[in-house]
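Protein chains in written order, with UniProt numbering: chain E, 1 to 472; chain H, 1 to 472.
Protein chains: 2
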Amino acid sequence: MTHDCSFLEELPLADDQFSFAEGRRESHAADWGAQQKGEGVVPDAVVWPASTDDVSAVLAAATEHDVPVTPYAAGTALEGHAVPAHGGISLDLTRMDAVVDYRPDDFQIDVEPGVLGADVDDYVGGDGLFFPPLPSSGDISTVGGMIATDASGMKTVRYGEVADWVLGLEAVLADGTVVQTGSRAKKTSSGYNLTDLVVGSEGTLAVVTEATLELAGRPQQIRGGRAIFDTLEDASDAVFDAIRTDLDVARIELVDGLSARAANEYLGTDLPDAPMVFLEFHANHGVEEEIALCESIFEDHGVARFEMSGDDAEMDRLWRARRELAYAIQSYDPDLEPLHPGDVTVPISEYPAMVREAKALADEYDLPVPCFGHAGDGNLHYSVLVDMDDPEEVERGEEVYSLLLERALEYGGTVTGEHGIGQGKRGYLEDEHGTGAVEAMRAIKRALDPTDTLNPGKIFPETVEGERVRDA
Amino acid sequence: MTHDCSFLEELPLADDQFSFAEGRRESHAADWGAQQKGEGVVPDAVVWPASTDDVSAVLAAATEHDVPVTPYAAGTALEGHAVPAHGGISLDLTRMDAVVDYRPDDFQIDVEPGVLGADVDDYVGGDGLFFPPLPSSGDISTVGGMIATDASGMKTVRYGEVADWVLGLEAVLADGTVVQTGSRAKKTSSGYNLTDLVVGSEGTLAVVTEATLELAGRPQQIRGGRAIFDTLEDASDAVFDAIRTDLDVARIELVDGLSARAANEYLGTDLPDAPMVFLEFHANHGVEEEIALCESIFEDHGVARFEMSGDDAEMDRLWRARRELAYAIQSYDPDLEPLHPGDVTVPISEYPAMVREAKALADEYDLPVPCFGHAGDGNLHYSVLVDMDDPEEVERGEEVYSLLLERALEYGGTVTGEHGIGQGKRGYLEDEHGTGAVEAMRAIKRALDPTDTLNPGKIFPETVEGERVRDA
Numbered sequence: 001m002t003h004d005c006s007f008l009e010e011l012p013l014a015d016d017q018f019s020f021a022e023g024r025r026e027s028h029a030a031d032w033g034a035q036q037k038g039e040g041v042v043p044d045a046v047v048w049p050a051s052t053d054d055v056s057a058v059l060a061a062a063t064e065h066d067v068p069v070t071p072y073a074a075g076t077a078l079e080g081h082a083v084p085a086h087g088g089i090s091l092d093l094t095r096m097d098a099v100v101d102y103r104p105d106d107f108q109i110d111v112e113p114g115v116l117g118a119d120v121d122d123y124v125g126g127d128g129l130f131f132p133p134l135p136s137s138g139d140i141s142t143v144g145g146m147i148a149t150d151a152s153g154m155k156t157v158r159y160g161e162v163a164d165w166v167l168g169l170e171a172v173l174a175d176g177t178v179v180q181t182g183s184r185a186k187k188t189s190s191g192y193n194l195t196d197l198v199v200g201s202e203g204t205l206a207v208v209t210e211a212t213l214e215l216a217g218r219p220q221q222i223r224g225g226r227a228i229f230d231t232l233e234d235a236s237d238a239v240f241d242a243i244r245t246d247l248d249v250a251r252i253e254l255v256d257g258l259s260a261r262a263a264n265e266y267l268g269t270d271l272p273d274a275p276m277v278f279l280e281f282h283a284n285h286g287v288e289e290e291i292a293l294c295e296s297i298f299e300d301h302g303v304a305r306f307e308m309s310g311d312d313a314e315m316d317r318l319w320r321a322r323r324e325l326a327y328a329i330q331s332y333d334p335d336l337e338p339l340h341p342g343d344v345t346v347p348i349s350e351y352p353a354m355v356r357e358a359k360a361l362a363d364e365y366d367l368p369v370p371c372f373g374h375a376g377d378g379n380l381h382y383s384v385l386v387d388m389d390d391p392e393e394v395e396r397g398e399e400v401y402s403l404l405l406e407r408a409l410e411y412g413g414t415v416t417g418e419h420g421i422g423q424g425k426r427g428y429l430e431d432e433h434g435t436g437a438v439e440a441m442r443a444i445k446r447a448l449d450p451t452d453t454l455n456p457g458k459i460f461p462e463t464v465e466g467e468r469v470r471d472a
Numbered sequence: 001m002t003h004d005c006s007f008l009e010e011l012p013l014a015d016d017q018f019s020f021a022e023g024r025r026e027s028h029a030a031d032w033g034a035q036q037k038g039e040g041v042v043p044d045a046v047v048w049p050a051s052t053d054d055v056s057a058v059l060a061a062a063t064e065h066d067v068p069v070t071p072y073a074a075g076t077a078l079e080g081h082a083v084p085a086h087g088g089i090s091l092d093l094t095r096m097d098a099v100v101d102y103r104p105d106d107f108q109i110d111v112e113p114g115v116l117g118a119d120v121d122d123y124v125g126g127d128g129l130f131f132p133p134l135p136s137s138g139d140i141s142t143v144g145g146m147i148a149t150d151a152s153g154m155k156t157v158r159y160g161e162v163a164d165w166v167l168g169l170e171a172v173l174a175d176g177t178v179v180q181t182g183s184r185a186k187k188t189s190s191g192y193n194l195t196d197l198v199v200g201s202e203g204t205l206a207v208v209t210e211a212t213l214e215l216a217g218r219p220q221q222i223r224g225g226r227a228i229f230d231t232l233e234d235a236s237d238a239v240f241d242a243i244r245t246d247l248d249v250a251r252i253e254l255v256d257g258l259s260a261r262a263a264n265e266y267l268g269t270d271l272p273d274a275p276m277v278f279l280e281f282h283a284n285h286g287v288e289e290e291i292a293l294c295e296s297i298f299e300d301h302g303v304a305r306f307e308m309s310g311d312d313a314e315m316d317r318l319w320r321a322r323r324e325l326a327y328a329i330q331s332y333d334p335d336l337e338p339l340h341p342g343d344v345t346v347p348i349s350e351y352p353a354m355v356r357e358a359k360a361l362a363d364e365y366d367l368p369v370p371c372f373g374h375a376g377d378g379n380l381h382y383s384v385l386v387d388m389d390d391p392e393e394v395e396r397g398e399e400v401y402s403l404l405l406e407r408a409l410e411y412g413g414t415v416t417g418e419h420g421i422g423q424g425k426r427g428y429l430e431d432e433h434g435t436g437a438v439e440a441m442r443a444i445k446r447a448l449d450p451t452d453t454l455n456p457g458k459i460f461p462e463t464v465e466g467e468r469v470r471d472a
């Protein structure tokens with residue numbers, strides 16, 4: 001799968017905008033997900049475009065020379081999105097990191113794809129604005145990456161996902177055509193919604209070169225804290241009850257007892273190793289009433305401790321276990337590693353059952369499976385911890401992983417709430433959507449990228465090893 | 001453009017499910033927009049499917065026989081969407097009007113496309129739920145139609161548009177393939193977002209046979225009323241100021257002095273013929289604080305009267321002029337008719353300029369142009385009133401109409417906020433989106449409907465009279 005990329009030398013790119021050097025190429029072989037699995041494919045070249053014109057020139061030439069192009073930014077994806085699976089060019093967008101325009105009166109900002117999510121918040125914070133769907137990884141992941149997977153985060157339960165906050169895009173198609181999607185008007189019904197088609201398409205339909213994001217006004221009242229429960233059943237039932245009661249909550253995160261134990265050990269805290277629900281309330285009026293409503297619902301489910309605060313430092317302390325959870329789980333047992341960490345999401349009414357099922361699978365297969373998630377969305381992040389040197393244990397872990405995804409579909413949910421399909425979950429796409437819908441997706445891919453130049457080997461299941469959409 | 005539809009007799013349809021009778025066909029020749037213009041095309045047959053299987057069988061056979069199919073429901077569209085422009089079959093979905101499933105704990109309902117929007121609210125109201133993006137025509141227009149144009153309404157300023165509340169669809173492609181889009185999970189990043197591609201595609205990509213709608217909980221506090229201003233400038237500036245201040249308002253409707261006069265005459269009321277802003281506030285807490293904030297902002301812009309109430313009957317009275325506005329404008333002058341009534345939408349910061357421009361055009365061309373709209377979204381509905389028997393006046397009216405749409409684009413807006421492109425605004429699609437984006441839309445259309453069976457003659461500009469997308 002080696003591709004001759006010498007045509008790059010003919011393009012109007014500066015010397016420091018492309019490289020065939022081994023070191024540069026190797027650093028673009030994988031994203032987090034692939035790295036964890038020891039997987040990755042070294043691209044034949046790396047290109048750092050500085051403008052939409054650069055992106056257009058590279059894509060047009062790559063399509064002409066039948067060379068695959070895989071967009072790359074922060075490399076924080078979990079499902080191998082940034083792996084140049086069929087070789088070719090890794091298109092590194094991190095140098096396109098400008099704020100192009102900012103219109104606070106319209107709650108709008110235009111940014112290039114390489115801008116870090118948290119930098120958007122920093123940029124607009126002085127005007128009392130923020131970008132609500134920022135994922136937990138917002139300080140290290142880019143706007144382009146968030147758009148690629150239609151990311152979401154803790155505040156999605158109140159504010160929605162990335163797609164809800166992208167008003168329009170400038171994007172480049174495989175043949176180099178630059179398209180503008182959407183409108184600066186808040187509402188349009190003009191033509192097909194290309195914006196929401198490109199959002200979440202994981203770099204397989206177009207390369208985003210500019211995004212018009214909507215912003216929200218920061219609430220006047222913010223309170224947060226945590227609740228501790230005796231059992232996971234109580235905690236998940238309480239979340240379901242809160243959501244069905246239409247509680248106005250801005251973050252509602254479930255953490256199971258095993259994760260709590262990991263956090264206690266990692267942080268040296270002496271909280272009970274018990275299920276917790278972390279909460280944050282946003283409002284301009286009546287935040288205390290919502291907290292009181294939440295407490296009374298949680299009491300119906302036997303909450304053991306319910307601690308809220310309006311003080312920043314105290315909120316920070318109460319949230320610490322949740323904030324450090326990813327690191328805590330990673331260091332839980334040095335001999336164990338998380339197998340395919342990711343998330344599923346189910347309708348909220350099925351959330352308690354999904355959580356129960358995850359723990360039952362952990363018991364049945366005798367593996368630690370710490371679970372946590374954006375519970376208010378019905379979201380569950382799992383980590384099946386296995387000894388990677390023990391093939392039998394890895395195999396058991398793989399079974400647990402598959403069964404988790406299958407259960408999510410049985411409950412009417414999705415195999416990926418916010419991390420995309422990438423390479424990792426391609427085998428589940430048809431299980432989730434059926435043949436008809438997947439064939440329609442393939443038809444769209446072929447229509448916009450007939451040569452399968454853009455990020456081949458992602459999203460679509462391959463029926464034959466190494467097959468690309470254009471061959472299917 | 002007559003098509004032989006005798007193949008319908010071979011399909012598994014009951015006798016009352018299809019008709020070649022002239023009366024039935026003629027009643028399916030136009031929608032409101034086409035009727036107003038005295039336009040329309042009589043289909044060769046009308047079919048009333050009762051199930052997804054019926055729709056699939058009809059579409060598969062129609063595609064095989066190269067017969068166009070135009071979906072029809074309530075026929076309330078403004079832009080000729082339901083006109084079978086190239087003849088063939090009018091597919092009347094009004095008999096598919098069942099509520100298929102209702103899951104109040106998940107805030108979800110599955111309905112067939114022929115269900116009236118207001119019937120959804122009636123169905124779920126007992127549980128304290130409602131369907132927020134319901135357009136003003138909700139009591140006479142169907143869910144299928146709202147999905148076709150990605151409709152919106154007065155409450156969109158707070159709750160968003162139809163697309164924001166459609167979680168998934170069952171839809172039939174031109175070749176009869178039934179696809180399921182989306183997920184019952186609130187959040188998914190699995191595969192391409194086919195749901196939001198079909199929403200707003202005006203029946204050109206697929207026929208929706210079932211929709212999973214999300215519902216919201218009814219707010220505990222509702223207050224509403226109206227504000228009266230001396231000048232339209234003050235009124236539109238006040239709206240802009242309220243929105244940029246992040247006022248939490250659920251409806252904020254601007255009505256110009258001319259429309260107010262029409263309403264006064266129609267209703268026999270003695271309000272001043274002055275610009276008005278109609279408001280409704282929804283909250284669980286602090287609704288009075290938001291009203292106070294609004295009043296203080298409006299006072300900065302010289303509001304003359306500010307009347308709010310929490311009493312249903314009084315709110316009803318205060319809102320009466322806005323509620324009856326469409327009828328009032330229609331009966332404003334029996335010699336005049338509205339030419340191409342519809343809407344444009346611009347960024348809120350440009351709203352005062354757009355409103356000023358509309359009135360300036362009315363003055364310049366010496367025509368009455370009553371304007372009103374969902375001001376908080378930057379939305380402006382216009383009616384250019386002309387004597388249809390006076391060709392010179394009609395021509396002046398056409399110029400005003402064109403200039404209004406062009407101005408909206410110059411302000412960074414859209415030529416259609418909520419009524420779609422249909423037949424009427426096809427000439428503006430490329431002006432708004434550019435050639436690249438329109439060509440991408442065409443490619444998607446060809447990929448999913450290569451024979452151009454579904455609603456030909458809509459959305460896409462024809463380069464040659466009578467040309468279809470497949471020929472372009």
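For each residue, glycine too, the CB sits at the ideal point set by N, CA and C.
Since the model is a prediction, treat every value here as computed from it, not as a measurement.
Residue i CB to nearest heavy atom of the ligand ATP below 8 Å
{"i": "E:Glu112", "result": "This structure simply doesn't include the ligand ATP, nor any ligand for that matter."}
C-alpha distance - residue i paired with residue j, whole-angstrom precision
{"i": "E:Leu205", "j": "H:Glu280", "result": "42 Å"}
{"i": "E:Ala288", "j": "H:Glu112", "result": "As written in the sequence, residue 288 of chain E is Glu, which differs from the Ala given in the question. When rounded, the distance between both Cα atoms is 41 Å."}
{"i": "E:Asp196", "j": "E:Ala238", "result": "33 Å"}
{"i": "H:Glu22", "j": "H:Glu406", "result": "40 Å"}
{"i": "E:Ser349", "j": "H:Asp105", "result": "6 Å"}
{"i": "E:Asp363", "j": "E:Glu399", "result": "13 Å"}
{"i": "E:Met388", "j": "E:Glu337", "result": "7 Å"}
{"i": "H:Tyr382", "j": "H:Gly420", "result": "15 Å"}
{"i": "H:Gly427", "j": "H:Phe460", "result": "8 Å"}
{"i": "E:Tyr229", "j": "E:Leu254", "result": "In the sequence as displayed, the identity of residue 229 of chain E is Phe instead of Tyr. Their Cα atoms are separated by approximately 11 Å."}
{"i": "E:Val386", "j": "E:Arg261", "result": "17 Å"}
Closest Cα partner of residue i within the set the options
{"i": "E:Met154", "options": "H:Phe18, H:Glu430, H:Asp150, H:Lys187", "result": "H:Lys187"}
{"i": "E:Ser259", "options": "E:Leu59, E:Thr2, E:Val384", "result": "E:Val384"}
{"i": "H:Ile297", "options": "H:Ser190, H:Ser136, H:Asp248", "result": "H:Asp248"}
{"i": "E:Asp241", "options": "E:Asp66, E:Val179, E:Val255, E:Gly378", "result": "E:Gly378"}
{"i": "H:His3", "options": "H:Thr451, H:His65, H:Ser27", "result": "H:His65"}
{"i": "E:Leu409", "options": "E:Ile444, E:Asp343, E:Val69, E:Glu395", "result": "E:Asp343"}
{"i": "E:Asp44", "options": "E:Val67, E:Pro456, E:Ser56", "result": "E:Val67"}
Buried versus exposed, by CB contacts within 10 Å (16 or more), residue i
{"i": "H:Thr245", "result": "exposed"}
{"i": "E:Met276", "result": "buried"}
{"i": "E:Gly224", "result": "buried"}
{"i": "H:Arg184", "result": "buried"}
{"i": "E:Met1", "result": "exposed"}
{"i": "H:Thr435", "result": "exposed"}
{"i": "H:Glu170", "result": "buried"}
Would you call the stretch 80 to 98 of chain H in contact with the stretch 451 to 470 of chain E, where contact means no fewer than 3 C-beta pairs closer than 8 Å? Result no; under three Cβ-Cβ pairs closer than 8 Å.
Would the stretch 213 to 223 of chain E count as touching the stretch 199 to 215 of chain H if we require 3 or more Cβ pairs under 8 Å? Too few Cβ pairs lie closer than 8 Å, so no.
Are there three or more Cβ pairs, one per stretch, closer than 8 Å when the stretch 90 to 99 of chain H is compared with the stretch 114 to 121 of chain H? The stretch 90 to 99 of chain H vs the stretch 114 to 121 of chain H: in contact.
How do the stretch 364 to 375 of chain E and the stretch 437 to 445 of chain E stand: do at least 3 beta-carbon pairs fall below 8 Å, yes or no? Contact fails between the stretch 364 to 375 of chain E and the stretch 437 to 445 of chain E, because fewer than three Cβ pairs, one in each stretch, are under 8 Å apart.
Using 8 Å as the Cβ pair cut-off and three pairs as the minimum, do the stretch 70 to 78 of chain H and the stretch 135 to 146 of chain H touch? With a cut-off of 8 Å, the stretch 135 to 146 of chain H and the stretch 70 to 78 of chain H count as touching, because enough Cβ pairs lie within range.
Stretch pair the stretch 261 to 274 of chain E + the stretch 317 to 324 of chain E: three plus CB contacts closer than 8 Å: Taking a cut-off of 8 Å on C-beta distances, the stretch 261 to 274 of chain E touches the stretch 317 to 324 of chain E, as three or more cross pairs fall below it.
Does the contact criterion of 3 or more C-beta pairs under 8 Å hold for the stretch 309 to 316 of chain H versus the stretch 325 to 339 of chain H? No, the stretch 309 to 316 of chain H is not in contact with the stretch 325 to 339 of chain H.
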